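Contents: one structure, followed by commentary.
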Amino acid sequence: MELDERLRWIETRVTSSLKPRAEELKFLFTNEACRIAMFEFCNNEEVKNLYIYSSAPAGKGLMASLTPPQTIREKATLFVKSHSSGKLTRDNIMDEVDVYLPLLSIEMGGSVSSDKLMDLLHRLVANIEVMEGSLKDQVVLPLPSIEVLSEAAAYSSRRPVVIHVLETTVISWIKLIKGTLKLDPDTEVAKKFGLKPGPLDEIEMWSEHLERISMINEQLSSHVAMNIIMNLEDAHSTYAQSFLLVKRDIAKAEQEANDNLQFLSTLLPWFEKLHYTTNSREMVAIFAPLMHTLYLVWAYSRYYHEPKNFLRMLTMLSNEVVARARHLVGENVLDNLLESYASLKDALRVCAAFRGCYLDKKDKADDLNQRKLSEQTGANVDSGGIVWHSKLYTDSLTPKAGKLFARGSTLTDSMNDLESDLWTDSPWPPRNNPCFLSLNNFMERCNDVLELVQTTRHFELLTCAAEVGGAGGDSLDCLVREIHTKFNEAIVSFKQMAHDVLDAEETQHFEREFFAFRSVTRDLEFSLADVLRQSFKQCWDTRAKLRLLEVFEGISGRELVQANLKDILSSMVHDLTQELLSVRKFFEQRKDDPPSHPHLPPVASKVLWLRGLKLHIQQPLTRLGRVSPASLKGDDGWRLRDTCTDLLKDIEKCESETLRQWQNDIQTELRVKLKQPLLITEVESEEKPPILHVNFDPELLLLLREIHYLASGPFNVRLPDAVRVLLRSTDDGLLRSTAARLDTIVSRYNTIMTSMEEYEKPLFERKLAKIDEVLHQGLYEYSWKTLESADFVEHASYLVCDDVHFNLGTVQSNYREICSIADSWSTGGQLDVFTPRDPSLTYPMDKLQGQHNEIFENHKHTIIVGGFRIHALLKSTFEAVQISRASPAWQSYTQHVSDVVLRGLRESTLASLRSMLNQIVTANIAQVSFEDNSSVPILTIRLELIGPQVLFNPTLDENTASLSVQEAVQNWLKDFLGRGDQIKPLDDGRESYATSIKEDEEVLRLVKQITDVVEQNSTECKGFLATFREYAFLWMQDVQRTFEEFLAGNIAAHPRKMNRSELIRSRASVNSEKSRKDKDKDTRRFGN
1 MELDERLRWI
11 ETRVTSSLKP
21 RAEELKFLFT
31 NEACRIAMFE
41 FCNNEEVKNL
51 YIYSSAPAGK
61 GLMASLTPPQ
71 TIREKATLFV
81 KSHSSGKLTR
91 DNIMDEVDVY
101 LPLLSIEMGG
111 SVSSDKLMDL
121 LHRLVANIEV
131 MEGSLKDQVV
141 LPLPSIEVLS
151 EAAAYSSRRP
161 VVIHVLETTV
171 ISWIKLIKGT
181 LKLDPDTEVA
191 KKFGLKPGPL
201 DEIEMWSEHL
211 ERISMINEQL
221 SSHVAMNIIM
231 NLEDAHSTYA
241 QSFLLVKRDI
251 AKAEQEANDN
261 LQFLSTLLPW
271 FEKLHYTTNS
281 REMVAIFAPL
291 MHTLYLVWAY
301 SRYYHEPKNF
311 LRMLTMLSNE
321 VVARARHLVG
331 ENVLDNLLES
341 YASLKDALRV
351 CAAFRGCYLD
361 KKDKADDLNQ
371 RKLSEQTGAN
381 VDSGGIVWHS
391 KLYTDSLTPK
401 AGKLFARGST
411 LTDSMNDLES
421 DLWTDSPWPP
431 RNNPCFLSLN
441 NFMERCNDVL
451 ELVQTTRHFE
461 LLTCAAEVGG
471 AGGDSLDCLV
481 REIHTKFNEA
491 IVSFKQMAHD
501 VLDAEETQHF
511 EREFFAFRSV
521 TRDLEFSLAD
531 VLRQSFKQCW
541 DTRAKLRLLE
551 VFEGISGREL
561 VQANLKDILS
571 SMVHDLTQEL
581 LSVRKFFEQR
591 KDDPPSHPHL
601 PPVASKVLWL
611 RGLKLHIQQP
621 LTRLGRVSPA
631 SLKGDDGWRL
641 RDTCTDLLKD
651 IEKCESETLR
661 QWQNDIQTEL
671 RVKLKQPLLI
681 TEVESEEKPP
691 ILHVNFDPEL
701 LLLLREIHYL
711 ASGPFNVRLP
721 DAVRVLLRST
731 DDGLLRSTAA
741 RLDTIVSRYN
751 TIMTSMEEYE
761 KPLFERKLAK
771 IDEVLHQGLY
781 EYSWKTLESA
791 DFVEHASYLV
801 CDDVHFNLGT
811 VQSNYREICS
821 IADSWSTGGQ
831 LDVFTPRDPS
841 LTYPMDKLQG
851 QHNEIFENHK
861 HTIIVGGFRI
871 HALLKSTFEA
881 VQISRASPAW
891 QSYTQHVSDV
901 VLRGLRESTL
911 ASLRSMLNQI
921 VTANIAQVSF
931 EDNSSVPILT
941 IRLELIGPQV
951 LFNPTLDENT
961 ASLSVQEAVQ
971 NWLKDFLGRG
981 DQIKPLDDGR
991 ESYATSIKED
1001 EEVLRLVKQI
1011 TDVVEQNSTE
1021 CKGFLATFRE
1031 YAFLWMQDVQ
1041 RTFEEFLAGN
1051 IAAHPRKMNR
1061 SELIRSRASV
1071 NSEKSRKDKD
1081 KDTRRFGN
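The sequence shown maps to residues 1 to 1088 in this note's numbering.
In structure tokens:
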């Protein structure tokens, strides 16, 4: 029978676990009940357990059951499904099922007693619990099975075995507790935190140690543990007393851990700030309070007062400082030289600051240590460890205090007890102590790497120097590039080191590679010195040589390069000395007549010239000191510096004398000029109004500019007390602002007086009189020294600038816009249908009338909108001038604006009339050249045969129902003349603008001319119609009859006579034409 894959997996596990015989295994998988149980386990999600065990009697076979057996005689296995598993398949059975075997079993009839088995079982369980707790980094005190021991203790014969099990448990407790309490901080810290622990690791170590002690106390305080100890005490077991001693040790260790953590808690904020900060300045600021707190901990803590423990703390703190400094530097030091240089400087600054703070506090700690030890001079210690004082002149010995470093219950108690305990010698270690080994090695390595980075930065600048031709020639630039290439090869070789350059542990490898790098650098510096020597030959003066040294700055200042260029640098020093002597000679010649600056007053210009001389002197020496400081140390260097110092003293003396003389003269000049009036007038002619000017003396302005420049940077000259008092009452800034505001007031006042028109003056007459009254005070009453000048300026500024000038601007702006609107009626856009037009086109009456209506409406809308805008502008003007509407000034101004509007409407009407007249006249003139189509009339009048009549279309007869040409012309003239009715008159005395326009002589003349021309053209058209009436037989006679006569051969040169009916129709037509001749106004082709 073939097995299911799931049963085959169960078979494999049973075979490997129980090692059954073949017949037992066969019985398991052939028995129907066993197979049902196994399939139920695999298929039913509710079934979680499957038990496979040996059946009774022994040797019959293995059984499978979903329920545990009552007894297990021999072999057994438990299969357990996970809680989340469902139906088992061959794919998930391996992951979802766990297999369990019995851990300890005894066959029936064995030689092991039940007491021995109980003991072994408890030891096994205890070891498992201890191991499990150790894996979780916990201290677990194993507990025996109380139920089992209670059942065994019920029999008096088995009580010794129970006591033995309890004693075994307590012995294991004592071993675990002593192992836990036996704390070696150095080993513990190194084990958990590596070889470079920090101060936070010390706090974490003590926290974990206290946590383990608390865990032990918690377990010992349990009911079961206390019951175990009580049973041992009742049995008078010696282990009960031993355990009491262990509990005292636990309390002692807990007190020590609490004390240490309380002291360390004062350091914790500083440790955390140091650990998490990334800024070097913040680190340096932390060291002082951190070291002071550490000093207090050392002074009051028993534990950290001991040299061994204090050295460990200093070692950790040193490691933390090194780690923070390493973090500042970063990993790839040689990749980014600029950042690495700054970061290395920061790292060294941090380490040096830590060392400096430590050494400062070390002096204080050593003083305290010596003072405490000196206070204890004469103290004796007897064999019992009690401190006694020897009292002179007495025979008694008195104890000083209790036991040495007695424990207190709290930190305060510990500190108070320490003050009364014997002080032990605990000097702070020197800076070269092994506890600072990592710090010292790191600083030494940082200095080496900094030298490496500086050298690299110096040689990297050679690329830029070669690119700009700094060496002075192509061949020299090639040499510079070659030197740079060789240096790059050396630095690449150095970068191939496998370890970090800041790792101070790899000393030999680094020193070997660094020595090789220095050797290559030394040779390259010799080569570069030769290149510079050749480049100096192309420099024409000292400043060019300085510029060359600056191009090669850094590399030119290296010791070997300086040594090889010593003669050239000495020559530069000599040349600079001679240049200083030339400057002295120039200074002596021009100090009384210095060059003037075009934008500065004379005294400030002279002071600036003197300071420029000082800068001219100091700059070369400063540059030389930066690129070649060794050049200023010899005899020539001393001579150069002395010459420079003497010349600078003479220049400074001249400057001080100049300023002193200026300070003595300024008071009188300033007082005189401040008494002048604020304003003056200038009369150009009698016709023009006088021009107002600000009476601000240029000399006063020059004087104030002098004060402004010299009293502020970079001069910062102290003014005399009298001048400062005078300026305090006048306020230099206020004086300048007053002058500036007066310039504005005067400028706008002159603008008002020159731009105001005659029709505008009555609007501002009252305000102008008030302005003249105020300005009169500025002409005769107020001066630059008067304190009330600010009020005068404020009042005048309001009247002139804020009121009249602003409102006049509004009035004039409104007036200009009104004029622009009025002019646009005659110049902007299409005014009528007659202009502009294409002279080659002519239109029928209906289309021409439609265009006229459209243009008329558009222009009418423009005039109406413009009229509303004009009324709004006039209202704005009224609000600006702030006078009564009934005042003559406003009435006169309104009349003037109304005339402007009337003029605009009149010009619009005249433009349309002229355009219409020109079109009519042009049409008459163009009749001769009509065949060329160069200019045709705008209106087309067709002569049409309608029935028996020949009529004009449009008609020239005004008595007909249709619109005649004459009527259309009259309507157009009416529209042109009615434009004045589209705007409400601005002045009250005018009814409408249309009336004034209709009465205008030019308008009447144009209207009459247009009417006459139309009448003339109408008469000519009617005369043209008479020519056609001579041939009336062509449309009046019967066509059929005429054709019959033609067939009969009755053809004559003249048309036949009309019969009676034809004659009557012809005469009726003639009479009709005579009745319309007085009203006809159109032509054959009429247009304008």
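Even glycine gets a Cβ: it sits at the ideal position worked out from N, Cα and C.
Just so it is clear, the structure is predicted and the values come from calculations on it, not from any experiment.
Worksheet item: Straight-line CA distance for Ser134 to Ser150?
Response: Along the sequence shown, one-based indexing puts residue 134 at 134. Along the sequence shown, one-based indexing puts residue 150 at 150. Taking the straight line from one Cα to the other gives about 29 Å.
Discussion item. Using only the alpha-carbon positions, how far apart do Pro620 and Arg371 sit?
Written reply: The sequence position of residue 620 within the sequence shown is 620, counting from 1. The sequence position of residue 371 within the sequence shown is 371, counting from 1. Distance between the alpha carbons of Pro620 and Arg371 is about 57 Å.
Worksheet entry | Minimum length 3: unbroken beta strand (DSSP E) runs contained in the stretch 611-694 | 679-682, 691-694
Worksheet entry | Ordered list of alpha helix (DSSP H) runs contained in the stretch 736-792, each at least 4 residues | 765-780
Worksheet item: What's the C-alpha gap between Val881 and Glu760?
Response: By 1-based counting over the sequence shown, the position of residue 881 is 881. By 1-based counting over the sequence shown, the position of residue 760 is 760. Whole-angstrom Cα-Cα distance: 10 Å.
Fill in: Endpoints, the alpha helix (DSSP H) within which Thr180 is located
Along the sequence shown, read from residue 1 onward, the residue named residue 180 stands at position 180. Note, Thr180: alpha helix (DSSP H), 159-181.
Item to complete: For Val165, collect the residues of the same chain with a Cβ closer than 8 Å to its Cβ; drop the 5 residues on either side in sequence, then sort them by chain order.
Response: What you label residue 165 is simply residue 165 of the sequence shown in a count that begins at 1. If we look at Val165 and ignore the five residues flanking it on each side, its Cβ neighbours are Met118, Asp119, His122, Pro144, Leu149.
Worksheet item: Trp298 and Ala365 look like a contact to me (Cβ under 8 Å); what is the Cβ gap, rounded to whole Å?
Response: Position 298 of the sequence shown holds residue 298. Position 365 of the sequence shown holds residue 365. With 8 Å as the limit, Trp298 and Ala365 qualify as a contact, their Cβ atoms being about 7 Å apart.
Practice prompt. Measure from the alpha carbon of His805 to the alpha carbon of each residue in Leu648, Val607, Arg660, Phe764, then state which is nearest.
Written response: Residue 805 sits at position 805 when you count from the first residue of the sequence shown. It is Phe764.
Worksheet item: Which residue comes first and which comes last in the alpha helix (DSSP H) that contains Leu210?
Response: Within the sequence shown, residue 210 is the residue found at index 210, counting from 1. Segment 199-220, the alpha helix (DSSP H) holding Leu210.
Fill in: Simplified DSSP state of Leu100, which is helix, strand or coil
The sequence position of residue 100 within the sequence shown is 100, counting from 1. The sequence given here places Tyr at residue 100; Leu does not occur at that position. Three-state DSSP puts Tyr100 in a strand.
Worksheet item: Which same chain residues, not among the five before or five after Trp9, have their C-beta less than 6 Å away from its C-beta?
Response: Sequence index remark: in the sequence shown, residue 9 carries index 9 (1-based). Here the set comprises Ile93.
Worksheet entry | Exposure of Met205, with buried meaning 16 or more beta-carbon neighbours within 10 Å | Translated into the one-based positions of the sequence shown, residue 205 becomes position 205. So Met205 ends up on the buried side.
Worksheet entry | Contact belief for Phe41 with Leu50 at Cβ below 8 Å, rounded distance in angstroms | Translated into the one-based positions of the sequence shown, residue 41 becomes position 41. Translated into the one-based positions of the sequence shown, residue 50 becomes position 50. Confirmed, about 4 Å.
Fill in: Beta-ladder partner(s) of Ser65, from DSSP
What you label residue 65 is simply residue 65 of the sequence shown in a count that begins at 1. According to DSSP, Ser65 bridges with Tyr51.
Discussion item. Going by DSSP in three states, Glu991 sits in which element: helix, strand or coil?
Written reply: Mapped onto the sequence shown, residue 991 falls at position 991. Here Glu991 sits in coil by DSSP.
Worksheet item: According to DSSP, is Leu268 helix, strand or coil?
Response: The count along the sequence shown starts at 1 and reaches residue 268 at position 268. Of the three classes helix, strand and coil, the one that applies to Leu268 here is helix, per DSSP.
Worksheet item: Under 7 Å between the Cβ atoms of Leu986 and Ser892?
Response: Position 986 of the sequence shown holds residue 986. Position 892 of the sequence shown holds residue 892. Result no, Cβ atoms of Leu986 and Ser892 do not sit closer than 7 Å.
Discussion item. With distance defined between alpha-carbon atoms, name the residue in Glu513, Phe514, Ala288, Arg312 nearest to Ala353.
Written reply: Within the sequence shown, the letter at position 353 stands for residue 353. If we check each option's Cα against that of Ala353, Ala288 comes out closest.
Discussion item. Any heavy atom of the ligand ZN inside 6 Å of the beta-carbon of Leu220?
Written reply: Looking for the ligand ZN in the displayed structure turns up nothing, as the structure carries no ligands at all.
Fill in: Length of the line joining the Cα atoms of Ala22 and Ala126
In the sequence shown, residue 22 corresponds to position 22, counting from 1. In the sequence shown, residue 126 corresponds to position 126, counting from 1. Using only the alpha carbons, I get a separation of about 38 Å.
Discussion item. 7 Å is my cut-off, CB to CB: does Trp540 come that close to chain B?
Written reply: The structure shown contains no chain B; it holds only a single protein chain.
Worksheet item: I think Val130 touches Arg13, with their Cβ atoms under 8 Å apart; what is that distance to the nearest whole Å?
Response: Your numbering for residue 130 matches position 130 in the sequence shown. Your numbering for residue 13 matches position 13 in the sequence shown. Not a contact, Cβ separation roughly 30 Å.
Worksheet item: When the Cα of Ser343 is compared with those of Lys362, Leu450, Lys974, which residue comes out closest?
Response: Counting from one through the sequence shown, the residue named residue 343 turns up at place 343. Ser343 has its Cα closest to that of Leu450, out of Lys362, Leu450, Lys974.
Discussion item. Please report the straight-line C-alpha distance between Ser655 and Asp646, rounded to a whole angstrom.
Written reply: Residue numbering aside, residue 655 sits at position 655 when the sequence shown is read from its first letter. Residue numbering aside, residue 646 sits at position 646 when the sequence shown is read from its first letter. Here residue 655 turns out to be Glu, not Ser, going by the sequence shown. Those two C-alpha atoms are separated by around 14 Å.
Worksheet item: I think Asp832 touches Ile855, with their Cβ atoms under 8 Å apart; what is that distance to the nearest whole Å?
Response: Within the sequence shown, residue 832 is the residue found at index 832, counting from 1. Within the sequence shown, residue 855 is the residue found at index 855, counting from 1. Going by Cβ atoms, the distance from Asp832 to Ile855 rounds to 6 Å, so yes, they are a contact pair.
Discussion item. From the DSSP secondary-structure annotation, give me the bridge partner or partners of Val80.
Written reply: Locating residue 80 in the sequence shown gives position 80, where the first residue counts as 1. DSSP output for Val80 lists Asn49, Asp98 as bridge partner(s).
Fill in: Nearest-angstrom beta carbon gap, Leu678 and Trp784 [assumed within contact, 8 Å]
The residue labelled residue 784 in the question sits at position 784 within the sequence shown. The residue labelled residue 678 in the question sits at position 678 within the sequence shown. Yes, Trp784 and Leu678 are in contact; Cβ-Cβ is about 7 Å, under 8 Å.
Item to complete: Kindly list the residues whose CB is nearer than 6 Å to the CB of Gln812, restricted to its own chain and excluding five residues on each side of it in sequence; keep chain order.
Response: Translated into positions along the sequence shown, residue 812 becomes position 812. Nothing meets the Cβ criterion.
Worksheet item: Taking buried to mean at least 16 other C-beta atoms within 10 Å of its own C-beta, is Glu256 buried or exposed?
Response: Along the sequence shown, read from residue 1 onward, the residue named residue 256 stands at position 256. Buried is the call here.
Worksheet item: So Asp942 is in the beta strand (DSSP E); what residue range does that whole segment cover?
Response: As a working mapping, residue 942 is identified with position 942 in the sequence shown. It should be pointed out that residue 942 corresponds to Arg in this sequence rather than to Asp. Note, Arg942: beta strand (DSSP E), 942-946.
Worksheet item: Is there contact here, the stretch 419-433 with the stretch 305-317, by at least three beta-carbon pairs under 8 Å?
Response: yes
Discussion item. Comparing C-alpha positions only, which one of Cys446, Ile821, Arg766, Leu734 sits nearest to Ala889?
Written reply: Looking up residue 889 in the sequence shown gives position 889. Of the candidates Cys446, Ile821, Arg766, Leu734, the one whose C-alpha sits nearest the C-alpha of Ala889 is Arg766.
Fill in: Endpoints, the alpha helix (DSSP H) within which Lys860 is located
Here residue 860 refers to the residue found at position 860 when the sequence shown is read from its first residue. Per DSSP, Lys860 belongs to the alpha helix (DSSP H) from 845-881.
Worksheet item: Per DSSP, Thr835 forms a beta bridge with which residues?
Response: By one-based count along the sequence shown, residue 835 stands at place 835. For Thr835, which the question treats as bridged, DSSP gives the partners Asp832.
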